[in-house]
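Engineer: Residue numbers (the working numbering): 1 to 459. Positions of the beta carbon are idealized from the N, C-alpha and C atoms, including for glycine. None of these values were measured; they are calculated from a predicted model.
#1: Assuming contact is defined by CB atoms lying nearer than 8 Å, are residue 53 and residue 176 in contact in what I supplied?
#2: Which residues in the same chain as residue 311 place their Cβ atom closer than 8 Å to its Cβ, once the five residues preceding and following it in sequence are excluded?
#3: Mapping DSSP to helix, strand and coil, what is residue 215?
#4: Can you tell me whether residue 63 is buried or exposed? The criterion is at least 16 other CB atoms within 10 Å of its CB, across all chains shown.
#5: Can you give the Cα-Cα distance for residue 287 and residue 170, rounded to whole angstroms?
#6: Do residue 269 and residue 299 count as a contact pair if the criterion is CB distance below 8 Å?
#7: In chain order, which beta strand (DSSP E) runs of at least 3 residues are fully inside the stretch 225–295?
#8: If the criterion is Cβ atoms closer than 8 Å, does the pair residue 266 and residue 360 meet it?
#9: Quick one: grab the DSSP three-state call for residue 466.
#10: Does the distance from the C-beta atom of residue 435 to that of residue 390 stay below 8 Å?
#11: Considering only DSSP beta bridges, list what residue 380 is partnered with.
#12: When you compare only the Cα positions, how much space is there between residue 133 and residue 70?
#13: Determine the contact status of residue 151 and residue 159, defining contact as a CB-CB distance below 8 Å.
#14: Tell me which residue opens and which closes the alpha helix (DSSP H) that residue 121 is part of.
#15: When DSSP labels each residue in this structure, what does residue 137 get in the three-state scheme?
#16: At what residues does the alpha helix (DSSP H) containing residue 153 begin and finish?
#17: Taking the beta carbon of residue 102 as the centre, do at least 16 other beta carbons fall within 10 Å, making it buried, or is it exposed?
#18: Could you pull the start and end residues of the beta strand (DSSP E) that residue 222 belongs to?
#19: Does the distance from the C-beta atom of residue 259 to that of residue 246 stay below 8 Å?
#20: If you draw a straight line from the alpha carbon of residue 85 to that of residue 48, how long is it in whole angstroms?
#21: How long is the line joining the alpha carbons of residue 154 and residue 255, rounded to whole angstroms?
#22: Quick one: what does DSSP say residue 444 is sitting in, helix, strand or coil?
#23: Considering only C-alpha positions, which residue in the set 122, 308, 450 and 366 is nearest to residue 329?
#24: What's the C-alpha gap between residue 406 and residue 187?
#25: My output table needs one value for residue 367: the three-state DSSP class, helix, strand or coil.
#26: Do the stretch 398–412 and the stretch 421–431 touch if we need at least three Cβ pairs shorter than 8 Å?
#27: Going by the beta-carbon positions, is the gap between residue 195 and residue 240 smaller than 8 Å?
Here you go:
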């Protein structure tokens with residue numbers, strides 16, 4: 001039997017396929033270089049232009065135990081594109097998600113009078129969509145023979161509509177910046193703290209970013225455009241914004257009495273955040289010229305992730321995503337985004353307002369400060385010997401700090417000896433800082449010291 005067109009080349013643990021505008025797979029194989037399978041789909045016409053930067057990105061992913069399937073696509077309709085993704089997902093059903101690079105097909109769902117962009121169409125692979133397959137416009141989403149829960153996460157790197165440079169230059173810049181972040185080589189990275197900025201329409205909302213950050217700067221009164229603009233450059237690693245409900249793809253709106261103020265897409269060029277959630281109407285409409293979510297990750301030296309709304313927005317609790325991104329769970333943005341939708345989907349739905357949430361950037365990233373561990377505290381002759389270590393996913397450990405509740409600061413080395421401790425009970429604290437400038441939470445233990453007897457140590 002004649003097979004559909006499929007050109008495969010397996011090299012360096014990478015499956016590479018060329019996909020026609022029809023379903024292109026009878027079978028898909030991938031190497032066993034990693035446990036976490038993800039799909040990268042690149043628009044065929046731009047692949048060669050970003051090949052080197054993309055190869056480095058794939059190497060970074062493989063080093064983190066991802067098994068990468070790279071696909072060049074020339075699919076022209078959302079329906080055919082979904083079938084391509086579904087065919088890979090169906091081969092073992094262990095696909096975690098898909099990263100879409102370039103101007104690739106998009107689907108829309110009708111919300112009130114508008115058709116808004118939605119990637120839920122690609123995330124839920126067993127539900128039924130009612131509408132026009134040729135135009136990619138749909139009016140309903142139902143369980144059909146499956147359910148309406150998404151099976152995979154989907155993210156986009158879509159820079160063609162961002163002004164200031166070319167589509168290719170922006171993609172290369174992003175991939176290089178991503179590699180720098182993973183190596184801990186970002187210049188003057190922001191502090192490991194979060195910002196929650198809620199304008200008047202959202203001032204009573206609860207956003208528990210403390211699940212993911214120990215330090216959170218929250219503003220829900222006196223919010224202004226100039227105030228938010230100042231915060232963008234003040235060094236918050238994570239920014240959660242809920243702005244006024246004004247339809248605008250190129251700016252954020254803030255109510256100030258009877259007037260409406262705006263922060264424009266051009267202001268994002270000096271922003272210093274790494275991760276953004278913009279619950280701001282139409283900010284994620286990547287089909288619009290100078291959509292502001294695109295500028296947040298492409299037009300500056302820091303932005304890596306943006307979650308933004310392609311439509312008018314009506315959002316459920318953000319608790320689930322911050323629970324998954326928390327210091328306890330340490331999931332990546334793709335997993336958090338997926339669980340956010342799962343928490344709010346049932347066997348059927350007629351409310352599609354939150355379908356416009358789009359994930360932009362590298363979904364394998366996580367809020368991942370270092371972890372400190374006290375290895376041992378032991379008596380060595382006349383001295384007490386302290387030993388600790390730190391682990392980090394991205395970058396390296398750059399600094400250490402020990403302290404005692406009784407004696408204050410003790411050392412800035414990973415290991416040290418001391419014979420000058422005060423007699424009595426001590427609570428000992430140890431933390432590490434990574435090359436991105438982020439401090440870990442403090443590890444803690446206690447012991448009782450006397451200079452005439454062995455200390456009693458509890459770890």
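Structural biologist: Working from what's here:
#1: In the chain shown, residue 53 corresponds to position 53, counting from 1. In the chain shown, residue 176 corresponds to position 176, counting from 1. Going by C-beta atoms, residue 53 is nearer than 8 Å to residue 176.
#2: Taking the first residue of the chain shown as position 1, residue 311 is located at position 311. Only 111, 114, 116, 117, 281, 282, 285, 353, 355 and 356 meet the Cβ criterion.
#3: Locating residue 215 in the chain shown gives position 215, where the first residue counts as 1. DSSP places residue 215 in coil when its eight states are reduced to three.
#4: Within the chain shown, the letter at position 63 stands for residue 63. With fewer than 16 other Cβ atoms within 10 Å, it is exposed.
#5: The residue labelled residue 287 in the question sits at position 287 within the chain shown. The residue labelled residue 170 in the question sits at position 170 within the chain shown. Their Cα atoms are separated by approximately 16 Å.
#6: To locate residue 299, count along the chain shown from 1; it is residue 299. To locate residue 269, count along the chain shown from 1; it is residue 269. In contact: residue 299 and residue 269 (Cβ atoms closer than 8 Å).
#7: 236–242, 251–256, 259–264 and 275–279
#8: Here residue 266 refers to the residue found at position 266 of the chain shown. Here residue 360 refers to the residue found at position 360 of the chain shown. Contact flag unset, no.
#9: The structure shown does not extend to residue 466, since the chain spans only 1 to 459, so no value can be given for it.
#10: As a working mapping, residue 435 is identified with position 435 in the chain shown. As a working mapping, residue 390 is identified with position 390 in the chain shown. Their beta carbons are not under 8 Å apart, which means residue 435 does not touch residue 390 by this criterion.
#11: What you label residue 380 is simply residue 380 of the chain shown in a count that begins at 1. Note: residue 380 sits in a beta bridge opposite 383.
#12: Here residue 133 refers to the residue found at position 133 of the chain shown. Here residue 70 refers to the residue found at position 70 of the chain shown. One C-alpha to the other measures close to 25 Å.
#13: Here residue 151 refers to the residue found at position 151 when the chain shown is read from its first residue. Here residue 159 refers to the residue found at position 159 when the chain shown is read from its first residue. Cβ atoms of residue 151 and residue 159: not closer than 8 Å.
#14: Residue numbering aside, residue 121 sits at position 121 when the chain shown is read from its first letter. It spans 120–123 - the alpha helix (DSSP H) in which residue 121 sits, taken as one unbroken run.
#15: On the chain shown, position 137 is the one that residue 137 refers to. In this structure, residue 137 counts as strand in the three-state DSSP scheme.
#16: Here residue 153 refers to the residue found at position 153 when the chain shown is read from its first residue. Looking at the DSSP string, residue 153 is not in any alpha helix (DSSP H); the run it does join, the beta strand (DSSP E), is 153–157.
#17: As a position in the chain shown, residue 102 is number 102, starting the count at 1. Residue 102 comes out buried.
#18: Reading the chain shown from its first residue, position 222 is the one you call residue 222. That residue, residue 222, is in no beta strand (DSSP E); it is neither H nor E in DSSP.
#19: Numbered from 1 along the chain shown, position 259 holds the residue referred to as residue 259. Numbered from 1 along the chain shown, position 246 holds the residue referred to as residue 246. Contact flag unset, no.
#20: For this step, residue 85 is matched to residue 85 along the chain shown. For this step, residue 48 is matched to residue 48 along the chain shown. Approximately 22 Å between the Cα atoms of the pair.
#21: In the chain shown, counting from the first residue as 1, residue 154 sits at position 154. In the chain shown, counting from the first residue as 1, residue 255 sits at position 255. Rounded to whole angstroms, residue 154 to residue 255 spans 33 Å at the Cα level.
#22: Locating residue 444 in the chain shown gives position 444, where the first residue counts as 1. In the structure shown, residue 444 sits in a strand (DSSP, three-state: E or B).
#23: On the chain shown, residue 329 is found 329 positions in, with the first residue counted as 1. It is 366.
#24: Here residue 406 is taken as the residue at index 406 of the chain shown, counted from 1. Here residue 187 is taken as the residue at index 187 of the chain shown, counted from 1. Roughly 37 Å between the two C-alpha positions.
#25: Residue 367 sits at position 367 when you count from the first residue of the chain shown. Residue 367: coil per DSSP, three-state reduction.
#26: yes
#27: Residue numbering aside, residue 195 sits at position 195 when the chain shown is read from its first letter. Residue numbering aside, residue 240 sits at position 240 when the chain shown is read from its first letter. Contact: yes.
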